[in-house]
Each structure stands twice: as C-alpha cells, then as structure tokens.
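This report concerns only the one structure given below.
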Amino acid sequence: MAFSPLHDDWTVEAVTGPVPDAVAGRRVPATVPGQVHTDLLAAGLVTDPFDGDAESAQQWIGDTSWRFSTTFVWHDDGSARHDLVAEGLDTVAVVELNGRVVARTENQHRSYRVDVREALVEGQNALTVTFAAPVAEAEARVALHGALPHVNHHPFNMLRKQASSFGWDWGVDVAGAGIWRPIGLDSWSGVRIASVRPLVGVDGTAGTLDARVALEWDGVTTGEHRVAVEVTSLEGHRVADASVVVAAGTADAALGLVVPDARLWWPLGHGDQPLYGVRVTAAPADDGAGGGAPDATTASWASRIGFRTVRVDTTPDADGTPFVVLVNERVVQVRGANWIPDHAFVTEIDRDRYQRRVADATEANMNLLRVWGGGIYESDDFYDACDEAGVLVWQDFLFACAAYAEEDWLAAEVEAEAREAITRLSPHPSLVIWNGNNENIWGFVDWGWKAELQGRTWGDGYYRDLLPRLVAELDGTRAYSPGSPFSFGDPGASDDEVHPNDHRHGTMHIWDVWNRRDYTAYREYPARFVSEFGFQGPPAWSTLVGSVHDEPLDPYGHQMLVHQKAEEGNLKLERGMQGHLPAPATIEDWHWATQLNQAAAIRFGVEHFRSLAPLNTGTIVWQLNDDWPVTSWAAVDFDEHRKPLWFALRDCYAPRLATIQPRGDSLAVVLLNDVDNAWAGDVVLRRTSFSGDVLDEVVVPGAVGSRGSVELEVPSPLADALDPVAELLVAVLPGFGSGRAVWDAAEVVDQRLDPDPVATEVVRDGDAWLVTVTARSYARDVTLLVDVLDPRATVDRGLVTLLAGESATFRVEGAADVDPHALTGRGVLRHANGLLLAVAP
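Shown next, in the form of structure tokens:
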C-alpha cells in the first residue's frame, strides 16, 4: 500500500473573469498545498494583499475561475485500487484526469476520494482542477435558491467555504481558490482502513478504549482479515492490545480494550497530559498481522489518545441554568479565548505557528480555546498542540452569523462534512465540546430573520437534529451544544420563551458593550457563562505602520480604515475611551490609549465575571488572534506581538486572583482560588495616598478552599473615607497570587495622577536589556512598547501598576542593538499617567 503525493510541478491560470492583462493567458507556478493569492504574490503579479489598500485592488481574484494543472508519471504497481485523494479543495471544482472528469466537488471542509484506475495511463498523466469563481458562484446560488440572511457583504452561506475568507468585521476579503490540503494517489489492495474512532473512557483506575474501525475493500469477497489495535505508553511500551477476525467485505469492526492504571489526561492546571499511542492494523488473518512484522498487504492507522471523561452540566438550579464543564468529574473554571484562523491564507499556517499561538494561550493562563464557526476545522497540528498543552477545545461546526438552507443541495454536504470532522478529530483528548453554530439561533430570534425567511429553512434542523444525532452516533464521549449563545432552558420552551442569549441560562454573548455601551455595563450581567465578549484595540505599532501608510497617519485615514473592518470601529474606540482616559493629542497617544482602553475593558469584565464564581463558570474572550494586520479584538496581533490586552488577560486569568468588587453599597475583596491548595492568611486593607502615605489600615482574616472562592467585606469606614481622585484602596495578601489587589475609585481622567511618576534604570544582561522602573508616586499600567524600536523585540511583562516606592524590572529581548536610552523614551515607556500630559495645566 502506498500514498504518493502529487504536489510538484503545478501551474495555475485564470479561466474566466475580470483578469488583468498581466495575468491573462499566463500559467503561473503554483504551490500545492496552496492558494491562488499566494501563487500570484510569489510570481510578482500582485502586491502583498495585506498592504495598504491592496484588498480592493485584488477583488477580481474572487470573481475569477482558476485552473490548476500538473503532469505526473505513473506506472501500475499491481495494486487493485488507485484512488485520487484530495484532502481539501477550495471550493467548487471539477477534477479531470487525462481529460476525463473524475470528480465534482463543492465543499472546502471535507475530503474527496475517487477510484481513478480507469482514467490512469502508463507513463505521463495530466491532472487539472478547475475552480469556480467563489464570489460569482455564491451569487449564482442566491439567484437559484433565493437569498438567505447573513452578515457582511458576500452571501458566504451559499457555499461550504470558510466564511471569513469573504471578509469579516476583523477579516480581509480574500475569497479565492486552491488545493489547500494534500492531494495524491493512494494505491492499495485487499482492505483499507477508511477511518478509526478511538473513543476513550475511564472505569475506576482503568482507561477504556472502544476503537471503531471503518473498512473499505477492493472487491475481494472471500477470506478473513485480522483487525488489531495496540495501545502504547509514552515510553513506547505496549500496555494493551486486542484483535478481531472479520470476513472480507465487513464494513465495520469494533475492538474494546482496557488499560489498567491508566494515567488520566487533565486540562492545564488540573494535572498532567499523558498521551498514549494507538495503532490499528488490518491484514489477512493468516499473515500474523498484529503480532508479526507488517508487509505490503497490511493496512495501518496510528494516532494518540488521552484517557479522560467529559460532560457539561446544564441541570437547572435556583438561579437558572448553569453551563459547567467537567473533566474527569472535576469542575473546570473556564478561562478561555475564541480562536479564528491564524492567517487569512490558511496554507501559510504551519505546526510551529500553531504551537506559538497555543503558547500565547497557556502563558496567559488560558485553559480553553473555542474554534469559531466562521473559520475551518483546523489542521491536526492545532489539536495536537492543545493535547500536549492541556488546552481544552470547544469546536464549532462551521456555521456563523447567517441562515443556512436545509434542502438537499446543501444538506448532503453538511452531513458529509460533519461526519468527516467528528471522525477525524475523535482521537484528540483536548476536544471536549461540539457546538452547533455561532449566533444563528440568536440571529433567528433577534435579528429580523423570521420576517425575511417567511417560513424557509434556516439551519435549525442542523443544530437541534442532524448534528446532535451525528455526534451521538459517532462520538458519544463529548458534549454537544446547539449553539453559542444558547440558554439550555426548559426543553419544551421555545426560543421566544427562553431567549437564547439570556444571562440566567447557559452561554451568552455580550456585544452591547463595545457596540453601544460603556464597558462598565459588564457589571449588569450576572452571567452563568460568557462565551463571547470583547473590546477592540489596534495592533502593535510596528504591525500597524508596516501595513498602513497614510500621510499623515490618522485614525480616520483611508488605509487606516481599510484595516478597521468594524462598522464605525474607530468612532467606537473613541467613544469607548470617554470617561476613562483623556482624549489623546497625537497618533502615538491614540495608539497607546486605545490599546490601554481595550485592556482595561476586558480586565474589568473578566474580573467581574470571575468574581461571581461559582455562579459564573467561565469566560471566553473574543479573541486570541488575528488573521491579517488589523485593528481588532485580538490579544495577539498578526505579526505575533502580544498587545497590552494579552498582559491584562495573563493577570486577570491567573489561577489565584484577588479582585476588589462593588457589592451593593459596599466593597468586597473576592478571592478566586483555582488551584488544589487552600489558602489562609491575613488580608491587610490600606487606604493610601498616591504619594504612598498610609492613611488607614485594617487587618481581616482570609481563607479560601481548594478550587473555591470567597468574599471578604471591606469595612465601611475604610471604603467611605476614600478620596476617589487622590487615594486608593489596596488589599495586601502575602502568598496569594500577585499578592495584592487595588481599587481605583475614579477613572484615570478624573484622578490627580502625577503625569511623570517614575524613574528608570537600564542595564545590559547578555543580549537582553533590563529596564527597572521605580514609582515616585502611584503609576498605573506601566508598559514598554518595545516593538516601536525594533519589530523583533519582546518584553516579558506589561500593564504593571506600581505604588509609590515600588519597582518592577522588565526584560527586553531581541533589541540588543538599540540605544538603551530609547527604551525609556516616551514613545516606548508608557503608562496611563502619561496621557494626562496632554491635559495637564
């Protein structure tokens, strides 16, 4: 058995469409796997699609049909079957081999396998894949089937194609075409392992494996085959095995085995992530398969598994309906982020980039990533990285912000796609939740779809019937949610009776904050679980100026607005700062202030929601990452710079968090202790001046149990005496988290802060710089924007608030050749206080 990739010597040419003269009639070298945009870029026929206003100049690419062609030499090796396997074609395509049509495809999110032995010839063979123009194809289906509601400007919901490739409120419009996953010839005889679903469980101290093996045969109808499964430890030792003999032609085999004293797989912060190897073989029963060395007739499949159990508890309680994630029957307080494709051209994402993004999550104390429904089912490299790091994955099925037809022309592809995705991803212990869609049930109820649809199908049958049936059939080891948001109220109630975005029930999205309301409105939601909420900010300075070239640079410049996809986005940034920060005087101050305000908004929301535990069981901030250089909700920008928001998330997602929160007419110190060890000690409450004078002090005993939370009331005399513009409340908790919490009774714009509150010292440490900042008076959110000096530079901390007399040292890497004095210049060393310089008398 042999798989031969067909990745060499491809070309791409425009077939029909509004093609520029420089491209018309040309065959351009093509990379496979790849995409047409990147091929044109490599050939010098287009500029960087992310630069300036190239997006609008390149819209013709999505209106053009493209043909990819190659030739290859083939000789018959005697195999009974020769299958052309395309793991990913984007999207509507006709595949021809030696002039014969062998396949017609219309789904980016699934693979295709076709027996092409009758089309192959000895020696030279010609293979072509012709893609329909995606924008024109989507519009044609609107004309054929009727328009369905959707967000944004293209009817992406007419195709099973990555929705965000057509543009989103953070995404560039680069709908194109390409052979985006491997393609090749699979030659085989006898039996082929079509798929394996290694479904795991836990029984006492043992791990259980129920391996469901799908078999395909070359037409043989006699004889027997042995199907065997073997589990090995991390060290490579066999720990369990089983086999079964099946008759030729048997479509499915089930093998069960037990791994005694199995080490359990845990999410980050709850334990280790041991991964076991699993290998399945199938061979003629008399050749010793499963015991001897495999030969050419042996089919095999291998992956990794982790033993763990998963469930989501939505049992109604006195407060409504919870959404509690349990792994190995232990409650997991979710600290997560939403994930979008990490590059607008997804073939540019490699294993290392996935691992860097997952590290961005874990180093910010995140334990869950939600793969959003407008993107793709990611490469196994992504899920592997999450398996290894202990990051839980909530996986949306690929439906987002639109109505989707349930008629056969789309439904057949939806089922095929879902079956393949559920099966392919079943080995990954990190994947714990399948979710039916993003915001579609909410959209049907609230966004005026009912009147527009006039009784037509819109996807509800997928979310509440087809998809849960498929998950139950193919993988009953994971939880299923019909949508996000979703209320999990009375099963007999309609969505009109139990609103899908009711904060009392299940999961909710909060988007009135950012779009219309100030971020302090987060406190109005005693939410059970928040699966989307976010606030915008620009990317790092070097990322911004690397793609935006307006002269002068201005928030409302033409290219700046090209890289701001949210409706009235920069106006919302401006409005969102009002009442919190002074109006920025320069573009550099605008950049810092909007980044700072983004971080402050999300820190405010996360600390509020976490303080509600155990009523609230999780937050999933929108969003971890970007897919191009853009002003967005991301914590890590496209050039992989960690924005101030990332540092805020690292702090407020700390397993041990102390936060001061209003409770009625008083204040409380809330202790969140998401670790196994309890804590007890004195909590010192101090009212201090900005200059560091302790004006009053009270000591209260504090204690919080393992995985618990507690509220400690702040004595009223202490809180009531606080001068909001000149004083602050500090809770000191030695040995608990960061060791303290600070309460600002007024916003920066209203406080009498020293606009120049710090002294600095810079020393060399090998190839790094150590920048020590010492506060002469209260300094809020001290940050070094080191990429201003060198886009390669990084710093280990940010948004550090210092009380008078305190110091913090920042380690700067990747900037060995910069002038050390520049590290403390006003454009690099920033703090909230400095924004007051523009308004200082």
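For my numbering, count along the sequence shown from 1 and bump the result up by 180. All residues carry an ideal CB built from backbone N, CA and C; glycine is no exception.
Helix, strand or coil: which one does DSSP assign to Leu837?
The answer is strand: DSSP assigns Leu837 an E or B state.
Please look up how many angstroms separate the CB atoms of Tyr702 and Gly623, rounded, as I've assumed it's under 8 angstroms.
About 22 angstroms separates the two Cβ atoms, so there is no contact after all.
What number of angstroms, rounded off, separates the C-alpha of Phe252 from the C-alpha of Thr963?
Their Cα atoms are separated by approximately 56 angstroms.
How long is the line joining the alpha carbons of Asp645 and Thr603, rounded to whole angstroms?
C-alpha separation (whole angstroms): 18 angstroms.
Might you give, ordered along the chain, the residues of its own chain that have their beta carbon closer than 7 angstroms to the beta carbon of Asp780, omitting 5 neighbours on each side?
Contrary to the premise, residue 780 reads as Ala rather than Asp in this sequence. A distance below 7 angstroms between beta-carbons, with the five flanking residues on each side excluded, links Ala780 to the following residues of its chain, in chain order: His760.
Are at least three pairs of beta-carbons, each pair with one atom in the region 945-955 and one in the region 793-803, less than 8 angstroms apart?
No contact exists between the region 945-955 and the region 793-803.
Assuming the contact rule is C-beta atoms closer than 8 angstroms, Gly303 and Leu186 should be a hit. Round their C-beta distance to whole Å, please.
Actually they do not touch by this definition, with Cβ atoms about 15 angstroms apart.
When the Cα atoms are used, what is the spatial distance from Gly888 to Gln513?
Straight-line Cα distance between these residues: approximately 10 angstroms.
In this structure, does DSSP put Ser367 in helix, strand or coil?
DSSP, reduced to helix, strand and coil, places Ser367 within a strand of the structure shown.
Write down the C-beta distance between Ala348 and Gly554 rounded to the nearest angstrom, noting that I regard them as a contact closer than 8 angstroms.
Note on identity: in this sequence residue 348 is Trp, with Ala being the wrong assignment. Trp348 to Gly554, Cβ: 6 angstroms. Contact.
Euclidean distance between Cα positions of Ser667 and Val678
Approximately 7 angstroms, taken between the alpha carbons.
Find the nearest neighbour of Ala820 within the set Arg290, Trp397, Leu898 and His523, judged by alpha-carbon distance.
The sequence given here places Glu at residue 820; Ala does not occur at that position. The shortest Cα separation from Glu820 among Arg290, Trp397, Leu898 and His523 belongs to His523.
Check whether the Cβ atoms of Ala306 and Val294 sit closer than 8 angstroms, and answer yes or no.
In this structure, Val294 does not lie closer than 8 angstroms to Ala306 by Cβ.
Have a look at Val301 and Asn681 and give me their C-alpha separation to the nearest angstrom.
The alpha-carbon atoms of Val301 and Asn681 are separated by roughly 59 angstroms.
Smallest Cα separation from Ala222: which of Arg207, Asp233, Ala592 and Val929?
If we check each option's Cα against that of Ala222, Arg207 comes out closest.
Give me, in chain order, the residues of the same chain whose beta-carbon lies closer than 7 angstroms to that of Gln238; leave out the 5 immediate sequence neighbours on both sides.
Contacts found: Val226 and Pro229.
Measure from the alpha carbon of Leu590 to the alpha carbon of each residue in Leu339, Asp854, His255 and Arg261, then state which is nearest.
Across the set Leu339, Asp854, His255 and Arg261, the C-alpha of Leu339 shows the shortest separation from the C-alpha of Leu590.
Out of Glu619, Val460 and Lys745, which one is the CA nearest neighbour of Asn332?
If we check each option's Cα against that of Asn332, Lys745 comes out closest.
Taking the straight line between their C-alpha atoms, what separation do you get for Leu277 and Val296?
Cα to Cα, the separation comes out at about 8 angstroms.
Expressed to the nearest angstrom, what Euclidean distance is found between the alpha-carbon atoms of Val942 and Thr700?
Looking at the two C-alpha atoms, the distance is approximately 37 angstroms.
Taking 8 angstroms as the limit between beta carbons, can you name the residues of its chain near Glu927, skipping five residues before and five after?
So the list reads Gly759, His760 and Leu761, once near-sequence residues are dropped.
Which partner residues does Asp576 have in the DSSP bridge list?
Partner(s): Asn615.
Residues sharing a beta bridge with Glu410, DSSP
The partner list for Glu410 (beta bridge, DSSP) reads Asp421 and Arg459.
Going by the DSSP bridge assignment, what does Ala1012 pair with across the sheet?
Assignment of beta-bridge partners to Ala1012 by DSSP yields no partner.
Rounded to a whole number of angstroms, what is the C-alpha to C-alpha distance between Pro1021 and Leu572?
Since pLDDT at Pro1021 reaches only 41, below the 50 mark, its modelled position is unreliable, and the value read off the structure follows with that caveat. Going from the Cα of Pro1021 to the Cα of Leu572 covers about 51 angstroms.
Give the secondary structure of Trp519 by DSSP, where H, G and I count as helix, E and B as strand, and everything else as coil.
The answer is strand: DSSP assigns Trp519 an E or B state.
Let's see if you can read the secondary structure: which residues bound the beta strand (DSSP E) around Gly623?
No beta strand (DSSP E) holds Gly623; the alpha helix (DSSP H) holding it covers Asn620 to Asp626.
Over what stretch of residues does the beta strand (DSSP E) that includes Tyr702 continue unbroken?
Taken as a continuous stretch (DSSP letters only), Tyr702 belongs to no beta strand (DSSP E), as it is neither H nor E.
Per the contact definition of three or more C-beta pairs closer than 8 angstroms, is the region 623-636 in contact with the region 591-610?
With contact defined as three or more Cβ pairs closer than 8 angstroms, the region 591-610 and the region 623-636 are not in contact.
Buried versus exposed call for Thr244 [16 or more other C-beta atoms within 10 Å across all chains shown]:
Its Cβ being crowded by 16 or more others within 10 Å, Thr244 is buried.
Are at least three pairs of beta-carbons, each pair with one atom in the region 556-572 and one in the region 533-543, less than 8 angstroms apart?
Cβ pair count under 8 angstroms is three or more, so yes.
Hey, is the region 348-359 in contact with the region 729-749, meaning 3+ C-beta pairs nearer than 8 angstroms?
A contact exists between the region 348-359 and the region 729-749.
Taking 8 angstroms as the cut-off, decide whether the C-beta atoms of Val507 and Val612 are in contact.
Yes, Cβ-Cβ distance for Val507 and Val612 is below 8 angstroms.
Helix, strand or coil: how does DSSP classify Asn291 here?
Note on residue identity: the sequence assigns Ser, not Asn, to residue 291. Residue state, collapsed to three classes: coil.
Output yes if chain D places a C-beta closer than 8 angstroms to the C-beta of Leu852; else output no.
In the structure shown, chain D does not exist; there is a single protein chain.
I'd like to know whether the C-beta atoms of Tyr584 and Tyr660 end up nearer to each other than 8 angstroms.
Cβ distance not < 8 angstroms, so Tyr584 and Tyr660 don't count as in contact.
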